[in-house]
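Have a look at the structure below, then the notes.
Number of protein chains: 2
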Amino acid sequence: MTQSEENYLKAIYHLGKSKTGVISTNAIAEEMQTKPSSVTDMVKKLADKGLLNYKRYQGVSLTSDGKQKALSVIRKHRLWETFLVEKLNFNWDEVHEIAEQLEHIQSEKLIDELDRFLAFPKVDPHGDPIPDKNGELEPRQSKLLSNLDTDSSCICIGVKDSSSSFLRYLDKNQIALGDKIRILEKEDFDNSVHVQIGNRKLHLSHVIASNLIVT
Amino acid sequence: MTQSEENYLKAIYHLGKSKTGVISTNAIAEEMQTKPSSVTDMVKKLADKGLLNYKRYQGVSLTSDGKQKALSVIRKHRLWETFLVEKLNFNWDEVHEIAEQLEHIQSEKLIDELDRFLAFPKVDPHGDPIPDKNGELEPRQSKLLSNLDTDSSCICIGVKDSSSSFLRYLDKNQIALGDKIRILEKEDFDNSVHVQIGNRKLHLSHVIASNLIVT
DNA sequence: TCTAAAATTTAGACAAATCTAAAAATATGT
DNA sequence: ACATATTTTTAGATTTGTCTAAATTTTAGA
Numbered sequence: 155m156t157q158s159e160e161n162y163l164k165a166i167y168h169l170g171k172s173k174t175g176v177i178s179t180n181a182i183a184e185e186m187q188t189k190p191s192s193v194t195d196m197v198k199k200l201a202d203k204g205l206l207n208y209k210r211y212q213g214v215s216l217t218s219d220g221k222q223k224a225l226s227v228i229r230k231h232r233l234w235e236t237f238l239v240e241k242l243n244f245n246w247d248e249v250h251e252i253a254e255q256l257e258h259i260q261s262e263k264l265i266d267e268l269d270r271f272l273a274f275p276k277v278d279p280h281g282d283p284i285p286d287k288n289g290e291l292e293p294r295q296s297k298l299l300s301n302l303d304t305d306s307s308c309i310c311i312g313v314k315d316s317s318s319s320f321l322r323y324l325d326k327n328q329i330a331l332g333d334k335i336r337i338l339e340k341e342d343f344d345n346s347v348h349v350q351i352g353n354r355k356l357h358l359s360h361v362i363a364s365n366l367i368v369t
Numbered sequence: 155m156t157q158s159e160e161n162y163l164k165a166i167y168h169l170g171k172s173k174t175g176v177i178s179t180n181a182i183a184e185e186m187q188t189k190p191s192s193v194t195d196m197v198k199k200l201a202d203k204g205l206l207n208y209k210r211y212q213g214v215s216l217t218s219d220g221k222q223k224a225l226s227v228i229r230k231h232r233l234w235e236t237f238l239v240e241k242l243n244f245n246w247d248e249v250h251e252i253a254e255q256l257e258h259i260q261s262e263k264l265i266d267e268l269d270r271f272l273a274f275p276k277v278d279p280h281g282d283p284i285p286d287k288n289g290e291l292e293p294r295q296s297k298l299l300s301n302l303d304t305d306s307s308c309i310c311i312g313v314k315d316s317s318s319s320f321l322r323y324l325d326k327n328q329i330a331l332g333d334k335i336r337i338l339e340k341e342d343f344d345n346s347v348h349v350q351i352g353n354r355k356l357h358l359s360h361v362i363a364s365n366l367i368v369t
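Going down the list, the protein sequences come from chains A and B.
Convert by adding 154 to the 1-based position in the first sequence; the result is the number in our numbering.
Convert by adding 154 to the 1-based position in the second sequence; the result is the number in our numbering.
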């Protein structure tokens, strides 16, 4: 498996999570920041290796082998992100690019020992679940803050968008994973929400609220 | 800098340590397990980038920029090896291949934080010195066990050969870095040495003794 | 010193992953 | 249903790092 192949599988896995059904060539090209013609070539190669189901003009889906490979890369990515934050003093907005490199290191023992060293974490610094050695993800029920009703309460357990700019916005407003959030009021005209976190009252836009994953 | 370029610089640096003067195309090809014609191509590229001094048919040497880059890769390699042994329970004979991958991860902050996390180690698990952030190596005087006289004593501080097979030989015979070694007798006919380590007496062949670095 | 051997470079080819431009298939709107 | 727009694929080129085989330069032996 080359790094490029691993990146395609990961992209296809992520696309499969949000949308349902087969994944289009253009969607993969967009996700991978590349051209559709390049995607066609790679998709053929991965289909030849038994990692994708593919018929010309019909889009792709992961085979069970392909899904396992994708989950293995995601496991490595999330464990390395956890390592960077927990052990090397990185902030949660600084770890993605480095984990993109580290996720391609080939050594099963390395990743299993890293897992042990980190005490088998269940989620990464962004609240994303970490697949176990067998590629199993612990199921959990979650909603978006934007979908909660007035007067309800929740715990912030993750972020949908983990871009640096969003994460820094949360840092600046002292919103962190584990925080208890209470919906005080929802504004109809722009779908923004007034919330209480600890003893602070905040006004969050719909964009912000719809990127916060809560229990 | 590509991984391949980094590997060439590292190989050229290592060749420069043992032999003196300019380094030949064939020597690099041997070290890199590749063909001389491939070396010529890469050497031209690195010379164009100002990392090597090169004249056709005259061999190469590192420029000061090239030496810095090589030392930076070696620093990363040795810090990762230290991490694997100190934190992830790897044995010293298992770390080389993984460190060959990890040494190419691009992030200055990553390696500086790793250095701090490991408490700024001076040597790696094989006793090789770790260059500091500025590429400086702490000078140290060292000899080979095979060059010591009868009745002298020394401390084992490193290995010249760090192949798995040699390292496992040392493990099997309970010879470790830091051990005090006393030369009891030298055999003229095969240059083997009788030594005492702790309260154990061992008979080491010349090959073994000439790969043990001592104070 | 002259010739043969060894070392090195050049020339041309290849595989991987990408691109552009053009062709083919599918989807859409009236 | 048919013309047009969109999506996808194909064909051919490019880059990086490698290779083989041939040519060139240097080294070394008689």
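Every residue, glycine too, gets a C-beta built ideally from N, C-alpha and C.
Computed from a predicted structure; not experimentally measured.
Among the options, nearest to residue i - alpha-carbon criterion
i, options, result
"G281 of chain A", "A:I311, A:R270, A:D269", "A:I311"
"I351 of chain A", "A:G332, A:E341, A:S359", "A:G332"
"F271 of chain A", "B:L200, B:E185, B:S226, B:F244", "B:F244"
"G213 of chain B", "B:G170, B:V347, B:K241", "B:G170"
"R103 of chain A", "A:S158, A:S318, A:K355", "Since the first residue of chain A shown is 155 and the last is 369, residue 103 of chain A is not available in this structure."
"I177 of chain B", "B:T156, B:R210, B:D202, B:G204", "B:R210"
"S364 of chain B", "B:Y323, B:L225, B:A253, B:K314", "B:K314"
"N353 of chain A", "A:Q328, A:S318, A:S317, A:H168", "A:Q328"
"L324 of chain A", "A:L163, A:D305, A:D303, A:H357", "A:H357"
"V349 of chain A", "A:E257, A:S300, A:M186, A:K203", "A:S300"
"D266 of chain B", "B:L291, B:E254, B:V239, B:K230", "B:K230"
"S345 of chain B", "B:A330, B:K334, B:V361", "Checking the sequence shown, residue 345 of chain B turns out to be Asn, not Ser. Comparing Cα-Cα distances from N345 of chain B to each of B:A330, B:K334, B:V361, the minimum goes to B:V361."
"D195 of chain A", "A:I259, A:S158, A:S226", "A:S158"
"V249 of chain A", "B:K241, B:E254, B:Q260", "B:Q260"
"N161 of chain B", "B:G175, B:Q187, B:N180", "B:Q187"
"V197 of chain B", "B:Q222, B:I228, B:V227, B:K164", "B:K164"
"D202 of chain A", "A:I166, A:G220, A:F237", "A:G220"
"E290 of chain A", "A:L338, A:I228, A:E185, A:D305", "A:I228"
Secondary structure of residue i, DSSP reduced to three states
i, result
"E243 of chain A", "First, the amino acid is wrong: residue 243 of chain A is Asn here, not Glu. N243 of chain A: coil per DSSP, three-state reduction."
"V249 of chain B", "coil"
"P190 of chain B", "helix"
"S300 of chain B", "helix"
"H357 of chain A", "strand"
"N180 of chain B", "helix"
"G170 of chain A", "helix"
"E159 of chain B", "helix"
"I259 of chain B", "coil"
"E341 of chain A", "coil"
"L324 of chain A", "helix"
"A165 of chain A", "helix"
"R232 of chain B", "helix"
"E292 of chain B", "coil"
Any chain A beta carbon closer than 8 Å to residue i
i, result
"Q260 of chain B", "yes"
"Q255 of chain B", "yes"
"I252 of chain B", "yes"
"L233 of chain B", "no"
DSSP beta-bridge partners of residue i
i, result
"G312 of chain B", "B:I367"
"Q350 of chain B", "B:R336, B:K355"
"L216 of chain B", "B:L206"
"E197 of chain B", "Rather than Glu, the amino acid found at residue 197 of chain B in this sequence is Val. Answer is none; V197 of chain B lacks a bridge partner."
"S307 of chain A", "A:R336"
"V227 of chain A", "Paired residue(s): none; V227 of chain A is not in a bridge."
"P283 of chain B", "B:V277"
Proximity test, Cβ basis, 8 Å: residue i and chain B
i, result
"L264 of chain A", "yes"
"K241 of chain A", "yes"
"F271 of chain A", "yes"
"V267 of chain A", "Per the sequence shown, the amino acid found at residue 267 of chain A is Glu instead of Val. True, the Cβ-Cβ gap to chain B drops below 8 Å."
Whole-Å CB distance - residue i paired with residue j, under 8 Å assumed
i, j, result
"L233 of chain A", "I284 of chain A", "6 Å"
"W246 of chain B", "L298 of chain B", "Not confirmed; about 19 Å, so no contact."
"P279 of chain A", "E235 of chain A", "6 Å"
"T369 of chain A", "S316 of chain A", "At roughly 19 Å, the Cβ-Cβ gap does not stay under 8 Å, so T369 of chain A and S316 of chain A are not in contact."
"S215 of chain A", "N207 of chain A", "5 Å"
"K334 of chain B", "S307 of chain B", "6 Å"
"L205 of chain A", "K223 of chain A", "6 Å"
"A253 of chain A", "L238 of chain A", "7 Å"
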